[in-house]
Each structure stands twice: as structure tokens, then as C-alpha cells.
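Everything below concerns the one structure shown next.
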Amino acid sequence: MNDVRVRFAPSPTGFFHIGSARTALFNWLYAKHRKGKFILRIEDTDDERDRKEFLDVLIHGLHWLGLHWDEGPGVGGEYGPYFQSQRSDIYRKYIEILRSEGLTYERDGALYFRVSHRPQVIHDLIRGDVSREEEKDFVIVRSNGKPVFHLVNVVDDISMRITHIIRGEDHLSNTSKHIELFNAFGVKPPLFAHIPLILKSQGSGKMSKRDTGALIEDYEKNHFIADAVRNYLCLLGWSPKEDREILPLDEIIRLFDICDVNRNNARFDEKKMSFINSEYLRALPLDDFCGRALAVLKSGHLAIEEFDAHYVRDVLALCQEKLRSFAELPNFIEYFFTESFPYDREALAKLQSKFDVQTRLHKFKLAFESLDVVDETSVENLIRQLATDHGVNTGEYIHSVRLAVSGRTVGPGLFGLLRVLGKQVVLKRLNAFSKKN
Ligand code: GLU
Numbered sequence: 466m467n468d469v470r471v472r473f474a475p476s477p478t479g480f481f482h483i484g485s486a487r488t489a490l491f492n493w494l495y496a497k498h499r500k501g502k503f504i505l506r507i508e509d510t511d512d513e514r515d516r517k518e519f520l521d522v523l524i525h526g527l528h529w530l531g532l533h534w535d536e537g538p539g540v541g542g543e544y545g546p547y548f549q550s551q552r553s554d555i556y557r558k559y560i561e562i563l564r565s566e567g568l569t570y571e572r573d574g575a576l577y578f579r580v581s582h583r584p585q586v587i588h589d590l591i592r593g594d595v596s597r598e599e600e601k602d603f604v605i606v607r608s609n610g611k612p613v614f615h616l617v618n619v620v621d622d623i624s625m626r627i628t629h630i631i632r633g634e635d636h637l638s639n640t641s642k643h644i645e646l647f648n649a650f651g652v653k654p655p656l657f658a659h660i661p662l663i664l665k666s667q668g669s670g671k672m673s674k675r676d677t678g679a680l681i682e683d684y685e686k687n688h689f690i691a692d693a694v695r696n697y698l699c700l701l702g703w704s705p706k707e708d709r710e711i712l713p714l715d716e717i718i719r720l721f722d723i724c725d726v727n728r729n730n731a732r733f734d735e736k737k738m739s740f741i742n743s744e745y746l747r748a749l750p751l752d753d754f755c756g757r758a759l760a761v762l763k764s765g766h767l768a769i770e771e772f773d774a775h776y777v778r779d780v781l782a783l784c785q786e787k788l789r790s791f792a793e794l795p796n797f798i799e800y801f802f803t804e805s806f807p808y809d810r811e812a813l814a815k816l817q818s819k820f821d822v823q824t825r826l827h828k829f830k831l832a833f834e835s836l837d838v839v840d841e842t843s844v845e846n847l848i849r850q851l852a853t854d855h856g857v858n859t860g861e862y863i864h865s866v867r868l869a870v871s872g873r874t875v876g877p878g879l880f881g882l883l884r885v886l887g888k889q890v891v892l893k894r895l896n897a898f899s900k901k902n
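First residue of the sequence shown: 466, per the numbering used here; consecutive thereafter.
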């Protein structure tokens, strides 16, 4: 079998959509799986709709997802992608071939291709055999002299020796035209794999660019982990046989085969995306986690630069396990960096309806003041002792203290929280709380 050569061929006419990213990813994975080549070809032949901004976002998004291409024009080890706008000479030569073989004719200034009227069977690796016949001659060069999409797409697939065309299902309707052209050039068509659509999370429609989660750039803006987003995208239409969801990339590469892509439409699931992201977040090595967290906090409202670096790292290490996304980080750790954090009044009222919060806090403060060392073990022992002594549940102490020192009912484990805040701050907050309430 020839070496596998696949291409991702986006038109830069809109922002980088999740469906497009998945097409790129499936091409890339298949190339890696087969130890072949992944080529990026920018189909920038629509002067009216192509925009540099879209191209930049696309290239950035591919890099962000780690989908680097393996060849292209250029020297010095830096290949650019191929741009159709720079390949007119090639197209002209191929058009001449068709013309010289009598397979074209002119009408109203445009150049038409004569179809063969032979029935075709498209052997699609995902959809199985699809029967088609291209009935009408079609334009290959417009009256303004510009070759059309079908022509340049096929010429490039021929000249780039593409072996597998993996693209969105919306192109299935173009495939019979493309096969006509491959045949006319005397080239055996590559294998085709048309990937089903991505449906929006609810309803039956296709995911549109306005739906939440549709644009790749938003994931980066919202501090998602690129590896997690890529992992999730793999699951939109493909799954490993054992139905696992979190897989390291090298394993996905080993398992991925384009024939295993599901022929039914995939449905976008925001919750699953967030879940996978949170799993990746928790699994990050601490240094990596801290590096990313600091980058997120830099643009936020917390004055973390006024705090000792060890303290900041302690806070982050403590919170990593409970944090679900970097987007919620600034709010999640706010009370470690300011004394003016809000109290959850509703939660307080709820606790007070069940037991006497102030009495618990008072007893806790007296005992806590006399602790020599504040760490997880000493605080835990102290709370257990207090609960036993006063014949109440440890929860009464834990909830009351958490609310008094952090203003809320959720967060990292309380014992670690008190260790990181430190004795002075905890006492200060207990006092402040009893004065205010
Ligand atoms: N330029 C086409 C698109 O963006 C892709 C065509 C193809 O993959 O063959 O939809």
C-alpha cells in the first residue's frame, strides 16, 4: 500500500468551527496512525469571502490543538501551508489537458466540463457504497477566468498525491463531480471518507457558529486545556472499542481508524466536554497546573503578585483537586487573597436553622488558638475532639468554620484550607465574622 497522504482543505471564510477542527483532527490522526503525511491546503479562491483574520485564527487554532502539518512550500524547515491562490499555473496546465482532450466547451464565457454519464459507485470508508450519477455538465472556469472549487480541489488532490479524502458529509454531493474529473485526468480517485455532521446539543439541527462551544478560539479564551478539547473532539463520531473517554494521545493514534468513524451524526455535549476538561485539569503535574493558573490569574482581578510565591503555590496545589475549569479559578480562590470576600447569607441562614453557628465558632476559636502547629492532622484531631466533647456532629464545626473563613460552603478540604490560610488569618476571620453576625 502506498504511503498515506491526507489533507485538510479549509476555506478561510469564517471562524474555526468545531466541525472543521474535527475534520482536521481525523485527517491528522489517520496520518499519524498510518505513519503518513498530513497536509494543510488553504482553499482561498473566494476573493469576496476569504479574510486574513479567518486564516490567522485557523492557523492559530490548529497549532493550539497540536495539529501540525508535515509538508508544504517553503524553505529552512518552516513550511507554510499550500495556498490555492498561489497555484494558478498548475490549474491552467490541467485545464489545458481537459481542453485538448475535447472534454470541455465554452458557453456564455464560462468553460464547461462534459460529464461521462456513467453511473458511479463511491466507496466511502464511513458510509459504505453510495451510487451516484453526475447528470449535468458543469462549469470548471468562470467567465471571469477563475477556476471553480471542483476543479482546483481535484487538481490539488492529484498533484499532492492524496490517498484518502477525509472531509465533511456536506461534500458528498460534490464527490460525483470530483470522480468525473479524476477519471477525465486518467487518475484513480483516492479513497473517500465523509464524516457525519455534528448536531447541536439539543434539537435536530446542525451545530452552527452561533451555538455555545462551536468556535475553537472560544475554548482557548475560556482557558480550556487543548489536550482535553482534542480528546473530546475525537469522541465526536469515534470511540475506542472499550468505550473509554479519557485517552492519552498516543493511544488514540494507535487505536484510531477512519473506517471506525460512526456513520450516524454526532451530538455535541457541552457537559461531557467540561467533564473531560476537568479530568485533564486535575491530572496536570503541579508545575504545569501552576504555570497555567498564573497565566489565567494575570488578567484577573486578584492582587496575587502582592503575595508570597510559596503561598500562591500552596493555594493552587490545594485547589487543583476541586477546581473544574480554569475559567472559575479567580472566583474559586478569591478569599485566599482578600479580606473583603462576600458571605453566602443564604447558606448561613440555612446552617443557623439547624444549629447554633456562633456557639460552634466560639468553641472552635478557643481550642484553635491554643494549637501550636496548624496542619491537616492537628486541625482534624481538634475538630473531632470538639465534636465528641460537645456531643455534636463534626459537620457542625466543619460547615461553620468554612463559612466563617471563606464565606462559602464549597471549596477545598477544610483542614488544608486552614493550614494554607494560617493561624493568624483564620483567627482574624473568625473574629471579623462574629462581629458581623
Ligand atoms: N474547501 C472545502 C471546505 O472548506 C473542503 C473541500 C474538501 O475537503 O475536499 O469545505
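We put the beta carbon where it would ideally sit given N, CA and C, even for glycine.
Treat the numbers as computed from the prediction; the structure is a model and nothing was measured.
Legend entry - Buried or exposed (CB count within 10 angstroms, at least 16 for buried), K642: buried
Legend entry - Supposed contact pair D468 and I504 - C-beta distance, whole angstroms, cut 8 Å: Wrong, their Cβ atoms sit about 12 Å apart, outside the cutoff.
Inset, instruction - Please work out which residues of its chain come closer than 8 Å, Cβ to Cβ, to V604, disregarding the five sequence neighbours upstream and downstream, and give them in chain order. - result: A575, L576, Y577, F578, V613
Legend entry - Per DSSP, the bridge partner or partners of D907: Outside the displayed range of the chain (466 to 902) lies residue 907, so it cannot be described from this structure.
Legend entry - Contact check, Y697 vs K737, beta carbons under 8 Å: yes
Inset, instruction - Tell me whether A474 counts as near the ligand GLU, meaning its Cβ is closer than 7 Å to at least one heavy atom of that ligand. - result: yes
Inset, instruction - Quick one: residues in its chain with C-beta nearer than 7 Å to the C-beta of G881, no 5 flanking neighbours on either side, listed in chain order? - result: L783, E841
Inset, instruction - Indicate, with yes or no, if the ligand GLU has a heavy atom lying under 7 Å from the CB of E508. - result: yes
Inset, instruction - Taking all protein chains shown into account, decide if D621 is buried (16 or more other Cβ within 10 angstroms of its Cβ) or exposed. - result: buried
Inset, instruction - Compute the minimum distance between the beta carbon of R632 and the heavy atoms of the ligand GLU, and state whether it is under 7 Å. - result: yes
Legend entry - beta strand (DSSP E) segment containing V606, residue limits: 603-606
Legend entry - Collapsed DSSP secondary structure at R514 in the structure displayed: coil
Inset, instruction - Please find out if some non-hydrogen atom of the ligand GLU comes closer than 7 Å to the beta-carbon of H659. - result: no
Inset, instruction - May I ask whether a heavy atom of the ligand GLU can be found less than 7 Å away from the beta carbon of N618? - result: yes
Inset, instruction - Since I believe L527 is in contact with A489 (beta carbons under 8 Å), could you give me their beta-carbon distance rounded to a whole number of angstroms? - result: 6 Å
Legend entry - Exposed unless 16 or more other CB atoms sit within 10 angstroms - verdict on N727: exposed
Inset, instruction - Please confirm whether M625 and G484 have their CB atoms less than 8 Å apart. - result: no
Legend entry - When I848, D854, C699, H636 are compared against G860, the one with the closest alpha-carbon: I848
Legend entry - Test item: CB-CB of H855 and A679 under 8 Å: no
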